[in-house]
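*Asks:*
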Ligand SMILES: Nc1ncnc2c1ncn2[C@@H]1O[C@H](COP(=O)(O)OP(=O)(O)OP(=O)(O)O)[C@@H](O)[C@H]1O
Ligand SMILES: Nc1ncnc2c1ncn2[C@@H]1O[C@H](COP(=O)(O)OP(=O)(O)OP(=O)(O)O)[C@@H](O)[C@H]1O
Ligand SMILES: [Mg+2]
Ligand SMILES: [Mg+2]
């Protein structure tokens with residue numbers, strides 16, 4: 036079991052370094068054991084340096100840099116152990132346009148095995164989606180699902196067939 | 036001093052109801068004393084109902100609704116007691132486009148006495164600004180201020196005269 | 005395991021019956037104005053997986069997930085969420101819930117009981133249908149493929165599937181910031197869950 | 005009081021001397037990619053007002069506000085922020101810091117000392133120039149209009165101006181969510197501050 040942790044840790048760390056580079060367009064991100072001599076009980080800390088910046092604790096990064104680093108870790112874990120689906124609620128809120136686009140592209144690439152459900156207000160993220168569900172409250176306080184075409188008004192439809200569109 | 040609190044509370048509450056209606060395009064938002072019989076020591080709770088929804092504790096609202104309600108409270112306090120300046124760091128991140136535009140319009144109206152400094156990634160918010168400061172990191176890890184024209188590339192300028200543009 | 009469909013009724017702002025079908029892979033965007041119910045959909049899925057903390061579902065009590073009414077509509081007496089998942093790898097043989105003979109290489113999902121299957125005729129061989137209901141009286145109901153079950157049975161289905169309680173399969177609004185600020189030993193727990 | 009200008013050097017990612025001038029009213033947007041330094045500007049202003057909690061400035065120790073170097077640049081030994089404010093209402097008479105005779109209706113800002121004014125020749129009659137410096141040795145320096153002062157003197161200037169510690173004049177990134185979740189008595193404190 037300590038062996039399994041070590042193996043998971045190393046694989047996920049390799050993925051994390053790769054995901055970080057993809058999302059930041061360079062730079063270094065990795066996990067480190069707080070106590071190398073005691074793998075069975077050690078905690079994990081994280082360090083990162085976006086391209087050109089110094090390596091430092093992830094807590095010193097900017098709001099957007101932190102979110103992107105967190106997504107890199109998430110995707111690293113998923114690559115090692117895919118979940119059947121993954122719900123991301125407005126993870127792109129603090130990201131600028133370039134980072135939003137890079138994240139959306141990565142989600143598309145990772146979505147071969149996993150159903151990603153991304154709640155978002157960002158156009159760049161919507162552009163990467165193969166399917167779009169619109170939620171409306173025509174009647175105040177009562178939610179309703181509708182079919183959405185990009186750049187067109189939502190089409191209220193008799194539920195629920197349109198959802199597979 | 037208890038009298039001053041009561042007076043401030045009532046004025047700010049009137050402002051809050053008004054600001055809430057402006058930002059939500061209707062609905063009700065107000066502060067209530069947790070203990071009406073003991074004004075000298077009572078705490079304050081907040082209730083809100085966006086247009087058409089039930090009146091309930093503000094903590095049950097959505098992410099965007101909470102941010103907008105918080106901004107309504109902030110502006111209510113400012114109207115009563117303007118600060119010389121106000122820095123808002125990405126308060127529009129959870130807002131949809133319509134709410135972002137309404138907030139930006141309100142900030143413009145409130146900015147007669149107060150210098151608002153709004154850090155943002157949202158175009159609607161940038162459109163309401165009279166002045167724009169661009170921050171870049173041409174040299175990685177070193178921040179630099181540049182003049183920004185909307186829809187044009189930032190113009191690096193010899194500091195600092197351009198900042199008043 | 006692939007997500008196939010969810011049916012929601014009386015859960016938070018979804019007063020009327022709502023059905024949401026999925027491809028099982030790919031990127032699906034959920035969009036709409038502030039306050040329209042997008043995060044409520046995410047809560048419905050967490051709840052169907054067995055989430056027991058009302059606070060995680062942004063309520064004070066579990067009863068807060070039942071549609072509480074609007075100015076023009078009365079509150080409802082029940083919240084119900086049904087989730088249909090498909091396991092594309094398996095060739096299950098007809099088994100009852102009690103006597104489980106697992107084919108080589110199959111995990112426990114393969115032993116999904118046959119029984120009274122809800123209206124959409126899910127693929128009996130491959131689908132698992134989970135239902136969770138809460139009544140305003142405080143009573144709860146749990147169904148697996150239409151048969152009464154305990155909450156514990158539902159939670160067990162998802163253990164080790166990547167949808168367990170320590171997993172990052174559901175990132176609630178605002179939670180992305182917490183992923184990095186977790187303590188060194190909490191971080192270890194997440195890696196161990198994936199191991 | 006109106007904000008006129010801030011000058012930053014060696015503070016966080018602002019290694020080189022940076023000047024930012026303001027109109028004093030209106031909406032100014034600060035824009036740029038993630039991680040370029042926007043929130044650091046906000047931290048610089050908080051710090052100049054007398055913020056004493058390193059944690060509120062997103063650091064572990066106060067020393068963390070000094071430019072820590074990059075791959076190609078060495079760390080610096082000092083962080084410095086100078087803030088110039090204008091009080092448009094007053095007609096101050098030349099006063100020293102010790103003997104304060106307030107004109108009727110003026111608040112304490114009217115007693116801004118005359119003295120050694122920095123390069124931009126602020127309006128001596130109306131401007132107040134505040135400087136805060138921190139050296140890597142741990143030493144701090146505070147100046148009001150070029151004269152040595154204590155941190156306490158700077159904090160006093162802003163008491164009751166709407167820029168005090170309980171005020172909402174500076175909303176840090178992510179803090180907007182906290183405004184509503186504050187407890188009933190914390191909320192009272194904010195209203196009392198405005199009273
Ligand atoms: N039990 C309930 N009954 C009725 N309405 C409810 C219930 N619980 C929550 N709501 C309503 O649901 C709405 C919030 O929905 P939700 O959080 O899903 O919004 P959202 O689409 O995610 O918005 P945002 O983009 O701002 O995050 C609120 O207006 C709230 O009043
Ligand atoms: N003492 C320091 N010396 C050098 N660089 C620093 C120092 N403190 C912070 N930084 C750097 O400043 C950057 C963060 O800047 P800041 O938080 O202002 O970004 P931002 O523009 O607000 O980004 P976002 O849009 O993501 O919120 C980080 O890359 C961090 O490494
Ligand atoms: Mg939401
Ligand atoms: Mg920031």
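Protein chains in written order, with my numbering: chain A, 36 to 200; chain B, 36 to 200; chain C, 5 to 199; chain D, 5 to 199.
For every residue, glycine included, the Cβ atom is placed at its ideal position computed from N, Cα and C.
#1: Where does the unbroken alpha helix (DSSP H) through residue 194/C begin, and where does it stop?
#2: So, helix, strand or coil for residue 179/A, using DSSP?
#3: Out of 169/C, 188/C and 182/C, which one is the CA nearest neighbour of residue 198/C?
#4: Residue 166/B and residue 41/D look like a contact to me (Cβ under 8 Å); what is the Cβ gap, rounded to whole Å?
#5: Between 45/D, 28/D, 13/D and 15/D, which has its C-alpha nearest residue 154/B's C-alpha?
#6: Residues with a Cβ closer than 5 Å to any heavy atom of ligand 1, in chain order?
#7: So, is the C-beta of residue 33/D closer than 9 Å to a C-beta in chain B?
#8: Report the option in 188/D, 195/D and 56/D whose CA atom is closest to the CA atom of residue 70/B.
#9: Which same chain residues, not among the five before or five after residue 22/C, have their C-beta less than 6 Å away from its C-beta?
#10: I'd like to know if residue 65/B contacts chain C, where contact means its C-beta is closer than 9 Å to some C-beta of that chain.
#11: Select from the stretch 55–71 of chain D all residues with a C-beta closer than 9 Å to any C-beta belonging to chain A, and list them in chain order.
#12: Closer than 9 Å between beta carbons: that is the criterion. Which residues of the stretch 129–143 of chain D meet it against chain A?
#13: According to DSSP, is residue 182/D helix, strand or coil?
#14: If you follow the beta strand (DSSP E) that residue 131/D is in, where does it begin and where does it stop?
#15: Using only CA atoms, which one of 181/C, 154/C, 171/C and 65/C lies nearest to residue 142/C?
#16: State the Cα-Cα distance for the pair residue 98/B and residue 63/A, rounded to the nearest angstrom.
#17: Any idea what DSSP makes of residue 73/A, helix, strand or coil?
#18: Whether or not the stretch 89–97 of chain B and the stretch 53–62 of chain D are in contact is what I'm after, with contact meaning three or more pairs of Cβ atoms, one per stretch, closer than 8 Å; do they touch?
#19: For the stretch 118–129 of chain A against the stretch 170–183 of chain C, are there 3 or more C-beta pairs whose distance is under 8 Å?
#20: Is any heavy atom in ligand 5 found nearer than 8 Å to the beta carbon of residue 154/B?
#21: Which same chain residues end up closer than 7 Å to residue 111/C when comparing Cβ atoms and leaving out the 5 residues on each side of it in sequence?
#22: When every heavy atom of ligand 2 is checked, does at least one fall within less than 8 Å of the C-beta of residue 22/D?
#23: Can you find a CB in chain B that lies within less than 9 Å of the CB of residue 98/A?
#24: Please list, in chain order, all residues of the same chain as residue 16/A whose beta carbon is under 7 Å from its beta carbon, the five residues on each side excluded.
#25: Judging by CA-CA distance, which residue of 134/A, 149/A and 115/A is the nearest neighbour of residue 47/A?
#26: So is residue 143/A in contact with chain B if we call contact Cβ pairs under 9 Å?
#27: Would you say residue 178/B touches ligand 2, meaning its beta carbon is less than 8 Å from a heavy atom?
#28: Residue 88/A versus chain D: which residues are under 8 Å apart at the beta carbon?
#29: From the DSSP output, read off the bridge partner residues of residue 90/C.
#30: Please list, in chain order, the residues of the stretch 19–30 of chain D that have any C-beta partner in chain B closer than 8 Å.
#31: For the putative contact between residue 38/D and residue 100/A, defined by C-beta atoms under 8 Å, what is the C-beta separation to the nearest angstrom?
#32: Using DSSP with H/G/I as helix, E/B as strand and the rest coil, what is residue 115/A?
#33: Residue 177/D: beta carbon under 8 Å from a heavy atom of ligand 4?
#34: I need the boundaries of the alpha helix (DSSP H) containing residue 161/D, first residue and last residue.
#35: At a CB distance below 9 Å, what residues from the stretch 164–195 of chain C approach chain B? Give them in sequence order.
#36: Is any heavy atom in ligand 2 found nearer than 8 Å to the beta carbon of residue 88/A?
*Replies:* With the structure as the only source:
#1: If you number the third chain from 1, residue 194/C lands on position 190. First-last of the alpha helix (DSSP H) with residue 194/C: 188–198.
#2: Numbered from its first residue, the first chain carries residue 179/A at position 144. Strand at residue 179/A.
#3: To locate residue 198/C, count along the third chain from 1; it is residue 194. Ranking 169/C, 188/C and 182/C by Cα distance to residue 198/C puts 169/C first.
#4: Residue mapping note: residue 166/B aligns to position 131 of the second chain, counting from 1. Residue mapping note: residue 41/D aligns to position 37 of the fourth chain, counting from 1. That pair is no contact at about 18 Å.
#5: Translated into positions along the second chain, residue 154/B becomes position 119. That would be 45/D, whose Cα lies nearest to the Cα of residue 154/B.
#6: 97/B, 98/B, 99/B, 16/C, 17/C, 38/C, 39/C, 40/C, 41/C, 42/C, 43/C, 44/C, 71/C and 72/C
#7: Taking the first residue of the fourth chain as 1, we reach residue 33/D at position 29. Interface residue, yes.
#8: As a working mapping, residue 70/B is identified with position 35 in the second chain. Measuring from the Cα of residue 70/B, the nearest candidate turns out to be 188/D.
#9: As a first step, residue 22/C is located in the third chain; it is residue number 18 there, counting from the start. Result list for residue 22/C: 12, in chain order.
#10: For the purposes of this step, residue 65/B is taken as residue 30 along the second chain, with counting starting at 1. False, the Cβ-Cβ gap to chain C never drops below 9 Å.
#11: 62, 63, 64 and 68
#12: none
#13: For the purposes of this step, residue 182/D is taken as the residue at position 178 of the fourth chain. Reduced to three states, the DSSP call for residue 182/D is helix.
#14: Taking the fourth chain and counting its residues from 1, one reaches residue 131/D at position 127. From DSSP, the beta strand (DSSP E) with residue 131/D extends over 131–139.
#15: Along the third chain, one-based indexing puts residue 142/C at 138. The option with the nearest alpha carbon to residue 142/C is 65/C.
#16: Counting from one through the second chain, the residue named residue 98/B turns up at place 63. Counting from one through the first chain, the residue named residue 63/A turns up at place 28. Spanning the two alpha carbons is a distance of roughly 32 Å.
#17: Counting from 1 along the first chain, the entry for residue 73/A is found at position 38. DSSP places residue 73/A in coil when its eight states are reduced to three.
#18: no
#19: yes
#20: The model depicted lacks ligand 5 and carries ligand 1, ligand 2, ligand 3 and ligand 4 instead.
#21: Taking the first residue of the third chain as 1, we reach residue 111/C at position 107. For residue 111/C, the pLDDT reaches just 39, beneath the cut-off of 50, and the residue's location in the model is therefore unreliable, leaving the point undetermined.
#22: For the purposes of this step, residue 22/D is taken as residue 18 along the fourth chain, with counting starting at 1. No, the Cβ of residue 22/D stays beyond 8 Å of every heavy atom of ligand 2.
#23: By one-based count along the first chain, residue 98/A stands at place 63. For residue 98/A, the answer is yes, since a Cβ of chain B falls inside 9 Å of its Cβ.
#24: Outside the displayed span of chain A (36 to 200) sits residue 16/A, for which this structure offers no information.
#25: Counting from 1 along the first chain, the entry for residue 47/A is found at position 12. It is 115/A.
#26: Locating residue 143/A in the first chain gives position 108, where the first residue counts as 1. No, residue 143/A lies away from the interface with chain B (no Cβ there is under 9 Å from its Cβ).
#27: Position 143 of the second chain holds residue 178/B. Yes, the beta carbon of residue 178/B sits closer than 8 Å to at least one heavy atom of ligand 2.
#28: Against the first chain, residue 88/A aligns to sequence position 53. The answer, in chain order, is 39, 74 and 75.
#29: Reading the third chain from its first residue, position 86 is the one you call residue 90/C. DSSP output for residue 90/C lists 6/C and 131/C as bridge partner(s).
#30: 19, 20, 21, 22, 23, 24, 25, 26, 27, 28, 29 and 30
#31: Within the fourth chain, numbered from 1, the residue matching residue 38/D stands at position 34. Within the first chain, numbered from 1, the residue matching residue 100/A stands at position 65. Yes, they are in contact, since the Cβ atoms of residue 38/D and residue 100/A sit about 6 Å apart, within 8 Å.
#32: Taking the first residue of the first chain as 1, we reach residue 115/A at position 80. Here residue 115/A sits in helix by DSSP.
#33: Position 173 of the fourth chain, counted from the start, is the residue given in the question as residue 177/D. For ligand 4, at least one heavy atom lies less than 8 Å from the Cβ of residue 177/D.
#34: Taking the first residue of the fourth chain as 1, we reach residue 161/D at position 157. Its alpha helix (DSSP H) spans residues 155–162.
#35: 177 and 178
#36: Residue mapping note: residue 88/A aligns to position 53 of the first chain, counting from 1. Yes - ligand 2 has a heavy atom lying nearer than 8 Å to the Cβ of residue 88/A.
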